[in-house]
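So the protein sequences, as listed, match chains U and Z. Heads up: the first sequence begins at 1 in the numbering used here, then just goes up one per residue. Heads up: the second sequence begins at 117 in the numbering used here, then just goes up one per residue.
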Amino acid sequence: SAVISQKPSRDICQRGTSLTIQCQVDSQVTMMFWYRQQPGQSLTLIATANQGSEATYESGFVIDKFPISRPNLTFSTLTVSNMSPEDSSIYLCSARGGTNSGNTIYFGEGSWLTVV
Amino acid sequence: GNSVTQMEGPVTLSEEAFLTINCTYTATGYPSLFWYVQYPGEGLQLLLKATKADDKGSNKGFEATYRKETTSFHLEKGSVQVSDSAVYFCALSETGANNLFFGTGTRLTVIP
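What follows is the structure, given as structure tokens:
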């Protein structure tokens, strides 16, 4: 199995600022993803983080608001830019393991952001 | 499109009670179905999965059967424990796709 570490685990952010969340996986994985879970809602996929190239964003999410990096197979960052209270959410990093893990999708503990 | 609808919570049960959390789905193809669990302060963990119709996934006393005719994947456990208190998420993944579609989650609290 893959162990996924995220930081920060929690933060309180000022409106208009930006915050970068880091995600580290303990083994090489094929795919990495970023999800958002707004209060009382389901998890929603933001984007797929592609190694060495631009991320693939889902409908409703754009690079200017959520820039993503993935410089290698085990690390990715998500930046939430120019934050507003509507960005208060849990942001989860996710990774798909290889065939040895049955292609299971693993999740980090989440980064709980509150924008004030 | 793809979507997952699961039973709204919160659900509160006494220890050793029977648990059912309902989950139904809509999908354009033949999805794989999953239950994830999130214990307090921890990340999402895969609880069980089923990849085709009539498959039964099971783990830690929990089980769910992939019912294509009713498009359902209800989670059951015969006797819950306090340690089962968590949020449970039903999810699906289309064949060949890499991401998951999640239900809204159901919070379970088991009291002694």
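All residues carry an ideal CB built from backbone N, CA and C; glycine is no exception.
Against chain U, the CB of Z/Gly-173 has no partner CB under 8 Å away; the residue lies outside that interface. Shown here, U/Pro-8 sits in coil according to DSSP, grouped into three states, outside any helix or strand. Restricting attention to Z/Ala-169, Z/Cys-206, Z/Ala-180 and Z/Gln-122, the CA atom closest to the CA of Z/Leu-160 is found in Z/Cys-206. The contact set of Z/Leu-162 on chain U, defined by CB atoms closer than 8 Å, consists of Thr-104, Ile-105 and Tyr-106 in chain order. The C-beta of U/Ile-46 comes no closer than 8 Å to any C-beta of chain Z. By the rule that beta-carbons nearer than 8 Å mark a contact, U/Gln-38 does not touch chain Z.
Between the region 145-155 of chain Z and the region 67-85 of chain U, the count of C-beta pairs closer than 8 Å stays below three; the two stretches do not touch. Interface criterion not met: the Cβ of Z/Thr-181 is under 8 Å from no Cβ in chain U. Close to U/Gly-110, with beta-carbon spacing below 7 Å, are these residues of chain Z in chain order: Gly-159.
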